[in-house]
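As structure tokens, then:
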């Protein structure tokens with residue numbers, strides 16, 4: 019019989035946050051953050067599909083070998099797939115700004131995006147949401 023326990027057990031050393039950038043819907047949180055101030059060892063297994071989003075390409079590069087990661091930032095509403103070099107530059111603007119907010123290196127931030135394919139990230143909206151994302155750390159439910 020399945021457990022009815024709905025408690026969320028959070029591992030020590032990890033903090034979570036969410037914010038609303040308005041990527042697809044104006045009234046829903048669409049960005050999330052997992053932050054580990056002490057860094058955590060990470061590695062990845064990635065799609066073999068020839069079509070890979072900017073976040074997959076960036077994560078593949080950063081996680082060629084297991085490495086210490088400070089944060090994983092996720093967004094929904096825009097996959098940032100099939101967006102070429104501009105999509106990579108958009109991702110880099112967001113991860114660089116987040117690194118500054120968290121006082122960590124950009125290389126220790128992994129990004130994951132899901133949503134509409136063929137559209138670039140709404141960078142300005144997402145950059146505006148970063149302060150709220152960081153300030154929500156520890157209060158996400």
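Numbering (the numbering used here), first residue to last: 19 to 159.
All residues carry an ideal CB built from backbone N, CA and C; glycine is no exception.
Rounded Cβ spacing between residue 33 and residue 156 (contact assumed at less than 8 Å):
Along the chain shown, read from residue 1 onward, the residue named residue 33 stands at position 15. Along the chain shown, read from residue 1 onward, the residue named residue 156 stands at position 138. Yes, residue 33 and residue 156 are in contact; Cβ-Cβ is about 5 Å, under 8 Å.
From which residue to which residue does the alpha helix (DSSP H) around residue 25 run?
In the chain shown, residue 25 corresponds to position 7, counting from 1. Careful: residue 25 lies outside any alpha helix (DSSP H) and carries neither H nor E.
What do you reckon, are the CB atoms on residue 86 and residue 117 nearer than 8 Å?
The sequence position of residue 86 within the chain shown is 68, counting from 1. The sequence position of residue 117 within the chain shown is 99, counting from 1. Contact flag unset, no.
From residue 125 to residue 80, what does the alpha carbon distance come to, in whole angstroms?
In the chain shown, the residue the question calls residue 125 occupies position 107. In the chain shown, the residue the question calls residue 80 occupies position 62. Their backbone Cα atoms lie some 7 Å apart in a straight line.
In this structure, does DSSP put residue 72 in helix, strand or coil?
For the purposes of this step, residue 72 is taken as residue 54 along the chain shown, with counting starting at 1. Of the three classes helix, strand and coil, the one that applies to residue 72 here is helix, per DSSP.
What do you reckon, are the CB atoms on residue 10 and residue 41 nearer than 8 Å?
Summary: the structure shown does not reach residue 10, with the chain confined to residues 19 through 159, and so no result is reported for it.
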